[in-house]
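Asker: Can you read through this structure? Questions will come right after.
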Amino acid sequence: MSTSLIQLSTEEKAAVKEVWVQLLVHKKEWGLRFYERLFALHPHMQSLFKGNVEEQGQKLVNVLTLVASKLDKLELIRQEVKALAERHKQYNVKPEYYLPFINLLLSVLAEAMGDKWTETTDQAMRKIMFVMMEAVIEHMMHSESAYKEAVESARQFLRIAG
Ligand code: HEM
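Residue numbers 19 to 180, in the working numbering, belong to the letters of the sequence shown in order.
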């Protein structure tokens, strides 16, 4: 299945790295805030988490570390995310949980960054999330038409120009 040819500009790559640095510094606070809100908005998701939620924020930071280090090699990010998607299937995460999760992730990150979250940051982070979603969808959908439809929804949801 063909993936889009999304690229990040130099400014967008710098913006993603800035988000990552900020998160590293405040990982405990924002991780807790994120999961508190996730469980308040989507209580049914809470029972899927068996481990320590405090550590979960660190795990998301680790994913962003990986992403920030591979901005010039988006294909490698796609491969890592496909493996992550397979593990999420084992955690009983349903395909329809991803976009609400990502939406909340973006708004909590924006809040945590305050004035440092610019239009460029927003665009760059939405692009990265789209690349990740494409990989998740590619892993989950087995027909070309289901794949295309799901990618199109993700594109609209994340406001990525087609
Ligand atoms: C951008 C999307 C996501 C990213 C980057 C992400 C990242 C991660 C990472 C790094 C882990 C650690 C374990 C591993 O690597 O397998 C993990 C575990 C987990 N994630 Fe996600 N995740 C995402 C979406 C979701 C969604 C939509 C859900 C649904 C509620 C979810 C639920 C879980 C659960 C239940 C675990 C296992 C943790 C436990 O048992 O305590 N994740 N995730």
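For every residue, glycine included, the Cβ atom is placed at its ideal position computed from N, Cα and C.
Measure the alpha-carbon distance for residue 64 versus residue 162 and round it to whole angstroms.
Answerer: 32 angstroms
Asker: At a cut-off of 7 angstroms, would you count residue 80 as near the ligand HEM, judging by its Cβ distance to the nearest heavy atom?
Answerer: yes
Asker: Would you mind working out which of 24, 50, 25 and 29 sits nearest residue 130, comparing C-alpha positions?
Answerer: 50
Asker: With distances taken between CB atoms, is the gap from residue 82 to residue 38 smaller than 8 angstroms?
Answerer: yes
Asker: Our contact map puts residue 79 next to residue 117 with C-beta atoms below 8 angstroms; I'd like the distance itself, whole angstroms only.
Answerer: Residue 79 to residue 117, Cβ: 21 angstroms. No contact.
Asker: With hydrogens ignored, establish whether the beta-carbon of residue 34 is closer than 7 angstroms to any heavy atom of the ligand HEM.
Answerer: no
Asker: Tell me which residue opens and which closes the alpha helix (DSSP H) that residue 49 is part of.
Answerer: 45 to 59
Asker: What residues in its chain sit with their C-beta under 6 angstroms from that of residue 110, if we drop five residues either side in the sequence?
Answerer: Once the five neighbours on either side are set aside, the close Cβ partners of residue 110 are 66.
Asker: For the ligand HEM, is there a heavy atom less than 7 angstroms away from the beta-carbon of residue 120?
Answerer: Within the cutoff, so yes.
Asker: Applying the criterion that 16 or more other CB atoms from any shown protein chain within 10 Å of the CB defines a buried residue, is residue 106 buried or exposed?
Answerer: buried
Asker: Taking 7 angstroms as the line, does the beta carbon of residue 94 fall inside it for any heavy atom of the ligand HEM?
Answerer: no
Asker: Helix, strand or coil for residue 178 per DSSP?
Answerer: Looking at residue 178 - three-state DSSP - the assignment turns out to be coil, as it is neither helix nor strand.
Asker: Shorter than 8 angstroms from the beta carbon of residue 39 to some beta carbon of chain C?
Answerer: Checking the listed chains, one finds no chain C in this structure; it contains a single protein chain.
Asker: Whole angstroms is fine: what's the gap from residue 70's alpha carbon to residue 124's?
Answerer: 22 angstroms
Asker: What's the C-alpha gap between residue 167 and residue 47?
Answerer: Rounded to whole angstroms, the separation of the alpha carbons of residue 47 and residue 167 is 36 angstroms.
Asker: Under three-state DSSP, which class holds residue 95?
Answerer: helix
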